[in-house]
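Notes for the one structure printed next.
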Amino acid sequence: MKKVGFILALSIVLIGCTSKNNSDVTSKEDSSKISEVVEESKASTKNGQAELASQKEESTNTAQTENPFPGYSDDQIEYARVVMAVYHSYEITQLPIEISVTKNPAGTQVLPFDGSVVLPEESITISASVDQTMAGTLIFTYISHHDGSISFYKVPNHYQGERYTNNPEWVKTETQNMLDQMKLLEIPTTNDDVVSEVISFVTMN
Numbered sequence: 282m283k284k285v286g287f288i289l290a291l292s293i294v295l296i297g298c299t300s301k302n303n304s305d306v307t308s309k310e311d312s313s314k315i316s317e318v319v320e321e322s323k324a325s326t327k328n329g330q331a332e333l334a335s336q337k338e339e340s341t342n343t344a345q346t347e348n349p350f351p352g353y354s355d356d357q358i359e360y361a362r363v364v365m366a367v368y369h370s371y372e373i374t375q376l377p378i379e380i381s382v383t384k385n386p387a388g389t390q391v392l393p394f395d396g397s398v399v400l401p402e403e404s405i406t407i408s409a410s411v412d413q414t415m416a417g418t419l420i421f422t423y424i425s426h427h428d429g430s431i432s433f434y435k436v437p438n439h440y441q442g443e444r445y446t447n448n449p450e451w452v453k454t455e456t457q458n459m460l461d462q463m464k465l466l467e468i469p470t471t472n473d474d475v476v477s478e479v480i481s482f483v484t485m486n
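Numbers 282 to 486, taken from my numbering, label the letters of the sequence shown in order.
Structure, rendered in structure tokens:
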């Protein structure tokens with residue numbers, strides 16, 4: 282009887298020890314899991330903050346890239362850049378003091394006379410002058426390729442001779458030649474220091 286009692290008491294002690302050990306292990310596992318969750322949360326927060334900072338910086342850079350001339354539209358910037366690029370192609374060193382811009386719809390005549398061929402797409406005609414005289418004025422029409430380049434042709438400052446008004450066949454041939462000989466020109470964005478000096482002269486007709 283005493284032996285049985287001893288065995289029973291020993292069993293209870295062993296069960297208690299085992300339960301305690303299991304409890305300790307479980308507690309340690311729970312603590313470890315909690316630590317992992319906390320660390321993951323911290324890492325997620327840091328990543329989120331870094332991503333927000335990156336997005337803010339990217340947004341700022343994009344805004345600066347989109348419009349380097351605050352207060353002026355993208356079109357005004359384009360026209361000023363185009364004028365300076367065309368001036369450079371003709372080796373004109375004087376800066377214009379007048380830039381008059383006309384938007385032409387698709388189907389506009391190359392020259393305003395009977396027999397003229399038409400441009401199949403939208404175009405821009407610019408009259409830029411260094412001194413507001415006919416001799417100091419350059420007129421040209423261009424088509425944008427929307428890739429940083431244009432095709433353009435020079436427009437006569439004045440029309441001499443009756444053939445412009447009396448010879449549609451000649452006008453057709455002449456205007457077709459003007460289209461066939463349009464010049465392809467890259468429009469740089471690296472001379473904005475000069476562009477900034479003339480952009481205020483851009484006016485729309």
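The beta-carbon is built from N, C-alpha and C at its ideal position, and this holds for glycine as well.
Bear in mind the structure is a predicted one, so any value in this text is a computation, not a measurement.
Cβ neighbours of TYR423 within its own chain (closer than 7 Å, five residues either side excluded): VAL363, SER404, ILE405, ILE431, SER432, PHE433. Taking 8 Å as the cut-off, the Cβ atoms of LEU400 and ALA409 do not count as close. For the pair ASP395 and LEU465, the Cα-to-Cα distance works out to about 27 Å. A straight line joining the alpha-carbon of TYR445 with that of GLU379 spans about 28 Å.
In the structure shown, the three-state DSSP call for PHE482 is helix.
Membership of ASN385 in the beta strand (DSSP E) is indicated by the continuous run 379 to 385.
Annotation: the continuous alpha helix (DSSP H) that includes ILE358 extends over 355 to 370. The three-state reading of DSSP puts VAL436 in strand, counting E and B together. Contact annotation, ILE373 with GLY429: C-beta distance approximately 21 Å; criterion of less than 8 Å not satisfied. Contact annotation, MET459 with VAL382: C-beta distance approximately 20 Å; criterion of less than 8 Å not satisfied. PRO449 and GLY352 have their alpha carbons spaced roughly 45 Å apart. A residue is called buried when at least 16 other Cβ atoms come within 10 angstroms of its Cβ; THR414 does not meet this threshold and is exposed. Distance from VAL483 to TYR360 at the Cβ level is roughly 5 Å; contact confirmed, criterion being Cβ atoms closer than 8 Å. Spanning the alpha carbons of VAL479 and ALA416 requires a straight line of approximately 19 Å. Across the structure, GLN375 and ASP412 are spaced so that their CA atoms are roughly 9 Å apart. For the 8 Å CB-CB criterion, MET365 and VAL476 form a contact. Following the DSSP letters along the chain, one finds GLU467 in no alpha helix (DSSP H) but inside the beta strand (DSSP E) bounded by residues 464 to 467.
The alpha-carbon separation between VAL452 and GLN390 amounts to approximately 11 Å. Runs of the beta strand (DSSP E) spanning 3 or more residues and lying entirely within the region 394 to 423 occur at 404 to 410, in chain order.
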